[in-house]
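J.:
Numbering (the UniProt record's numbering), first residue to last: 1 to 231.
Okay, here's the thing in structure tokens:
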């Protein structure tokens, strides 16, 4: 029994320094382990106390020895109980710190979410403005393209006519001066049209039709090439 008490006294001294070391680190896992070991040590001390009382009844130990043994066990129990209370307080402090850290992290997460929400709203607003600008540009581009197509069609019609008229020169239409004599007579000019002007008209129509046909064929060819490349 004395050997047991010696070992317990040594462990009690080590527990005091160990609880101080763990308290400085505030490591919850070690604190739980220390609390479990202290509880088990107190159970062992309680068993030794019960065994000591049994021995006292059986061997009728002297009163002074009984008092010293009981005092030693009481001191040991008090020391271990004090260490366990320190560990439990450190566990409570560690738990409170964990809750505090968790609340701080949640608060920071909410601030980040709010900040990200504002940034996403700003990005969405900018995207909306860019989309509107792109729609406006597309509409203006379509209008310009339509105007260009109209001008192209007009040019396709007028260019052959200009070519034909240039070829036949200006003898298709001319002004023929004639004079009428009499009271209040004045010189007049009559516009003359060549009887073969239909040749120029027919040639212009044929050339314009050929030009439009070639343009249409060329566009179809480009579309087929684009479809083949896409596939």
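Here a beta-carbon is modelled for each residue, glycine too, at the ideal position from N, C-alpha and C.
Taking the straight line between their C-alpha atoms, what separation do you get for residue 198 and residue 159?
T.: As a first step, residue 198 must be located in the chain shown, where it is residue number 198. As a first step, residue 159 must be located in the chain shown, where it is residue number 159. Their backbone Cα atoms lie some 18 Å apart in a straight line.
J.: Return the chain-ordered list of same chain residues with a C-beta closer than 8 Å to the C-beta of residue 39, the five sequence neighbours on each side being excluded.
T.: Locating residue 39 in the chain shown gives position 39, where the first residue counts as 1. Same-chain partners within the cutoff: 84.
J.: Kindly identify the DSSP beta-bridge partner or partners of residue 190.
T.: For the purposes of this step, residue 190 is identified with residue 190 of the chain shown, where counting begins at 1. Residue 190 is bridged to 176.
J.: CB-CB under 6 Å to residue 218, same chain, minus the five flanking residues each way: which ones, in chain order?
T.: Locating residue 218 in the chain shown gives position 218, counting from the first residue. Correct list: empty, nothing qualifies.
J.: Could you pull out every residue in the same chain whose Cβ sits closer than 8 Å to the Cβ of residue 96, ignoring the five residues on either side in sequence?
T.: Walking along the chain shown from the start, residue 96 turns up at place 96. Excluding positions up to five away in sequence, the list is empty.
J.: Could you give the first and the last residue of the continuous alpha helix (DSSP H) run that contains residue 226?
T.: Walking along the chain shown from the start, residue 226 turns up at place 226. 197–230 is the extent of the alpha helix (DSSP H) around residue 226.
J.: Please list the segments of the alpha helix (DSSP H) lying wholly inside the stretch 95–119, counting only runs of 4 or more residues, in order along the chain.
T.: Runs of the alpha helix (DSSP H) inside the stretch 95–119: none found.
J.: Taking residue 68 as the reference, which of 53, 81, 86 and 130 has the closest Cα?
T.: Stepping through the chain shown from its first residue, residue 68 is reached at position 68. Here the closest residue by C-alpha is 53.
J.: Drop a sphere of 10 angstroms on the beta-carbon of residue 214, count the other beta-carbons inside from all chains shown, and report buried for 16 or more, exposed for fewer.
T.: Here residue 214 corresponds to residue number 214 of the chain shown, with the count starting at 1. It counts as exposed.
J.: Quick check: what's the CA-CA separation for residue 247 versus residue 209?
T.: The shown model of the chain, from 1 to 231, leaves out residue 247, and the question about it has no answer.
J.: By how many angstroms is the C-alpha of residue 123 removed from the C-alpha of residue 206?
T.: Translated into positions along the chain shown, residue 206 becomes position 206. Translated into positions along the chain shown, residue 123 becomes position 123. Taking the straight line joining both Cα atoms gives about 58 Å.
J.: Going by the beta-carbon positions, is the gap between residue 37 and residue 80 smaller than 7 Å?
T.: Here residue 37 is taken as the residue at index 37 of the chain shown, counted from 1. Here residue 80 is taken as the residue at index 80 of the chain shown, counted from 1. No, Cβ-Cβ distance for residue 37 and residue 80 is not below 7 Å.
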